[in-house]
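Enquirer:
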Amino acid sequence: MPDPSPTDRSPGDPFAPAACPCGRPAAYDACCGPLHRGSRPAATAEELMRSRYSAYARGEADHLFRTWHPRTRPTDVTTDRGLRWTGLTVLDTVAGGVDDEEGVVEFEARWDSPAGPGRLRERSRFVRRGGRWVYLDGS
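The sequence shown begins at 1 in the UniProt record's numbering and counts up one residue at a time.
1. Under three-state DSSP, which class holds Gly33?
2. Less than 6 angstroms between C-beta atoms, sequence neighbours within five positions excluded: which residues of the same chain meet that for Thr79?
3. Do Glu108 and Thr89 have their beta-carbon atoms positioned less than 7 angstroms apart in this structure?
4. Give the secondary structure of Arg58 by DSSP, where H, G and I count as helix, E and B as strand, and everything else as coil.
5. Pick helix, strand or coil for Ser139, following the three-state DSSP scheme.
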């Protein structure tokens, strides 16, 4: 296994893998990394939502595109490199489990930008499409 790149290392230990941006206590390569690489699908709506937050934080626009329902997805999915994502808090989940077809995840995402800090609170709806969770929309 190759050494993590400098951006994939924890700041306290230059040889330790970086923690996953989604906030779970796991390294990125053991958490959201496999979902971003397409190695495995998300098991739950919350896991997909966390992987999408991590995708915004890491600039993984391809993952965002692949996991967005085609009916509601914009034609161009990009990430804003001027934002530094600083935290994710899951506030509520409704359904969205391994045996469900629909789910809702309410969360708050925080960032810093040149214009100052920001936050987004959203109730995201997820559905299974072809056996995989996808983001439908949010309010």
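Virtual Cβ for every residue (Gly too), placed ideally from N, Cα, C.
Expert: Once the coordinates are examined:
1. helix
2. Tyr56, Gly59, Ala61
3. yes
4. helix
5. coil
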